[in-house]
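Protein sequences, first through last, are from chains U and B. Here our numbering runs 1175 ahead of the position in the first sequence, where the first position is 1. Here our numbering runs 14 ahead of the position in the second sequence, where the first position is 1. From the three backbone atoms N, C-alpha and C, an ideal C-beta is built for every residue, glycine too. Predicted, not measured: the structure shown is a model, and the values here were computed from it.
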Amino acid sequence: MIFSSTVFLSKFLPIVLLGSFILRKKIKWQNLFLLLMSLMFYAWGEPKYVLLMLLSIVENYALAILIERTAHRRFWLFTAVFLNIGMLFVCKYLNWGIGILNRIFDTSWQGIKMTLPIGISFYTFQALSYVIDVYRNTVPVQRNLINVGLYVSLFPQLVAGPIVRYVDIEKQIMHRTMTVETFAMGIERFMIGFSKKILLADSFSVIADYAFAMNLEGTLGIAMAWLGAIAYTLQIYYDFGGYSDMAIGLGKMLGFSFAENFNHPYMALSVTDFWRRWHISLSRWFRDYVYIPLGGNQQGKKKMILALAMTWIATGIWHGADGTFVLWGGVYAILIIIEKLWKIPDKLKDKTLSGIFYRVFTLVIVILLWVIFRAENLAAAFRYLAAMFCFDMQSPGLDTWLLYLGEYRWELLAGVLFCFPIGRYLKESKYKWVTAAALATEFICFLIGISYLMKGTYSPFIYFNF
Amino acid sequence: MKKYINIVIIALFCVSIVLPDVQLLEDDAAFQRNWINLYGAVQKVLGKKAIENFTLYKTDYGKIVEPRSELGEDRIAADVANIEQITDFCAEREIPVYYVTSILPITEDTELLPGVQDYSAENASALYDKLCEADIPLIDLRNKESISSIGSEALFYRTDHHWTVEACFAAYQEIIEQIEKELNWQLDAENIYTNRDCYEAMTLKNAFLGSYGVKVGEYYAGMDDFVVYVPTFDTELQFEAYDQEHQLTLEKSGSFLEALMDNAILEDGNYYNKYNAFSNGGYVENRVVNHLAENDKKVLLISHSYGRPLTQYLSMCFREIRNLDPQEGRYEDDYLAYIEEYQPDLVLILTEFEGEVVHTLPTE
């Protein structure tokens, strides 16, 4: 089930909110209710994979208890890592690996026939963080299976994050309150995310999809190539950022407080800064559970470079089983290593002109790397990049560019403007009429978003694929 | 104060999220239209000319059009071969047959957005050439003065893909004129049935929202006037509609309006697709018998939905007319067998839609 669907909005959500409100004073029952509703949310449309998630819940619950109770803590931790990563590997990477082996050894081994379980990368990482935190004694083991189940499967962030770490949510599972104020804040946040997704991301997807389709046909010109790349840059931000806003908003409505996942990433000073602002929960996860255990920056430059390279290639592969994601992660690894070695962000702090130049450079790099990320394969990615720099001498395609730019001019303008913290300035204005107007605009946009939904113009979230 | 604002936010949100569900439960078409109207109003405010993911465009004179992609030679040749099969079959039985070309909503004068390409004229032209090569008798409506003088903004509804009654009636006049001339038939000797002055225009103002318009609502598309030319002379007709299983689904008799038009649709202010009133909305097989006809000729009209109003007007000049719709999911049986059994005096084929022949005609 997706948030931007009528079945979620008009059936699932009212039932969950009403049930949670009725059970607000009985937290154990509310947890059970939320667990059941979360399983239903996940099972909607593809029920068989809910068993996989249930397996993940039971397995991690048991392993965490074994880590706490037995002397073989390290063994059980490795078992947990092996089982979680193994399950992720089989579901997401096995066929890719077999394909690579077939190409190398000219064999014809058959892969397994299965679609990727939605959100498996997200809930596997959440479950792993719980077991690792128990191992590290950061959090006490959770003896209630329902609570572990709720942590892994809680529907707001189940299928596309933010990746909530157990340490951040442990207390909230047993002690949280639904207040009028947090509920209203959650509603506002949900409406903002919903509008971002429906009104902006889905509009940009029309441009981006067309540009990438032109690329496959070999008719992409330089003008449309840049417009498509910029549109995809905006689409992925408002799509994933919108989802995160909705998840955080839903969490607030239910009394949870999830960490922020985005902080105006396209305003980043540097590539390193970009990753402090983009998909923050994933960056934190990789930092805490991969980069630092690999030595981080405490054991010399060589180890730091190795740790960064491994972390970023793993980040790339986490997003998908394809060479494009490996390249995408690999290029980020190189850029971040260079920035770390030359301390670029620190050097630019007080320099206005070179600071602006580096911001622009960062943004262009991010846009180019999104092209690799979005492309169907590496060959298509390189062809698209060539079109952006006119290396393939296609016609510029000004007519198509004008058509799409003209039709989506207001959405593009809004998309660029809201990359800056305009919303925050308006909400925090000292003039009450400004904040009231901002609130009214949120409502109007939400209603318009519902009208788009009723019209049937929505598309699935990009990050569901991961 | 803040607390009250929060309560208002919660209340408004709760109402907003249950609204779509109320609509689904009640299956209220008017309610659904309100959402689409809101969507369309936003598109209008944003100045959008392209709708439905760049498949439909609003022209400078307000009509929504659907540019067509290029059809390959093979496709056109296959379509002509199918038509030829019917014309050859009729020729063997000495049944006169005509293929009626279609008129196009997008012409040279239509200003499309830059980057939008329409091949309907090219397709229609290529199809015409192939039809000529195959020696298929044609009634070519494309360059008729009586039709082009109507003006492109009045040939088609602004909110729909169908031709207007004005265009349909002009086509009817041209068809009858050519048949009379070439077959030497007396169909309207006293110039009554094809004379526009013998019809009264019944107009329902701002009453019609067509198949394009319903996608974006009335604020974006506007509403069309729905006009029917009603004979001022006496008419006594019998109408029958049949489904795919050849079962009689509707039988009516009376005057032109009573027998042929679905008056419930015309009178229902909440039912916007008024085009469905033609031929009582029958979309598989319609039969009309004219009890006051001055001849005993039988006509078979193989036509897509353009044929519904055309059937009504053609019925003025013949004893009987039957209309089969070859579109997918409509009349899907053997057309040659039908002709063999029915033994019409004339077969008219109007299956071209904006340069493209709809659905392959099934044959023996």
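Setting aside the 5 residues that flank it on each side, P1331(U) is surrounded in the same chain by A1422, L1425 and G1426, each with a C-beta closer than 6 Å to its C-beta; the list follows chain order. Note that the C-beta distance between V1342(U) and V1314(U) is below 7 Å. For F103(B), the closest C-alpha among the options E368(B), D348(B), G369(B) and G61(B) is that of D348(B).
Here F1532(U) is exposed. Its C-beta has fewer than 16 other C-beta atoms within 10 Å. Excluding five sequence positions before and after L127(B), the CB atoms of its chain that fall closer than 7 Å to its own CB belong to K63, A64 and Y71, given in chain order. For F1358(U), the residues of chain B that pass the 7 Å Cβ criterion are I24, in the order they occur in the chain. DSSP lists Q252(B) as the beta-bridge partner residues of S267(B). The C-beta of W49(B) comes closer than 7 Å to at least one C-beta of chain U. When Cβ-Cβ separations below 7 Å define contact, V228(B) makes no contact with chain U.
When Cβ-Cβ separations below 7 Å define contact, N20(B) makes contact with chain U. Counting of Cβ neighbours within 10 angstroms places S83(B) among the exposed residues, the total staying below 16. Collapsing the DSSP output to three states places P128(B) in coil. Between A273(B) and L251(B), the CB-CB gap stays under 7 Å. Our two residues, G1368(U) and F1379(U), have alpha carbons roughly 15 Å apart in a direct line.
Between the beta-carbon of S1370(U) and that of C1594(U) there is about 15 Å, and that puts the pair past the 8 Å contact cut. Cβ-Cβ distances below 8 Å link V1546(U) to A1404, Y1407, A1556, Y1559, L1560 and M1563 in the same chain, with the five nearest sequence neighbours on each side left out; the list follows chain order. R1278(U) sits in a helix when the DSSP states are folded into three classes.
For the options A181(B), P323(B) and K158(B), the alpha carbon positioned closest to that of L169(B) is the one of A181(B). Annotation: I1287(U) to V1256(U) spans about 22 Å, alpha carbon to alpha carbon. For L60(B), the nearest CB of chain U lies under 7 Å from its own CB, placing it at the interface with that chain.
In terms of beta-carbon proximity, M1629(U) lines the interface with chain B, with at least one pair separated by less than 7 Å. Burial is judged here by how many other beta carbons sit within 10 angstroms of a residue's own beta carbon; V1233(U) has fewer than 16 and is exposed.
Taken in chain order, the whole alpha helix (DSSP H) runs of length 4 or more contained in the region 216–242 of chain B are 227–235. Taking 7 Å as the cut-off, the Cβ atoms of G231(B) and N67(B) do not count as close. Taking C-beta atoms as the reference points, F240(B) and L218(B) count as a pair closer than 7 Å. Counting the other Cβ atoms within 10 Å of the Cβ of F1449(U) gives 16 or more, which makes it buried.
Bounds of any beta strand (DSSP E) do not take in Y1464(U), whose DSSP letter is neither H nor E.
Sorting L1543(U), L1303(U) and Q1473(U) by C-alpha distance to the C-alpha of Y1464(U) places L1303(U) at the top.
G1430(U) is not a Cβ neighbour of R1364(U), given a cutoff of 7 Å.
Following the DSSP letters along the chain, one finds I1597(U) inside the alpha helix (DSSP H) bounded by residues I1597 to K1602. In the three-state reduction of the DSSP assignment, F1264(U) falls in the helix class, which pools H, G and I. Beta-bridge partners of N304(B) (DSSP): L251(B). If you draw a straight line from the Cα of I1488(U) to the Cα of I1513(U), it comes to about 15 Å. Rounded to whole angstroms, S1180(U) and K1372(U) show a C-alpha spacing of 11 Å. Taking a contact as a CB-CB distance under 8 Å, the pair L1553(U) and G1498(U) counts as one, their CB atoms being some 5 Å apart. In chain B, no part has a C-beta under 8 Å from the C-beta of T1299(U); the shortest such distance is about 31 Å.
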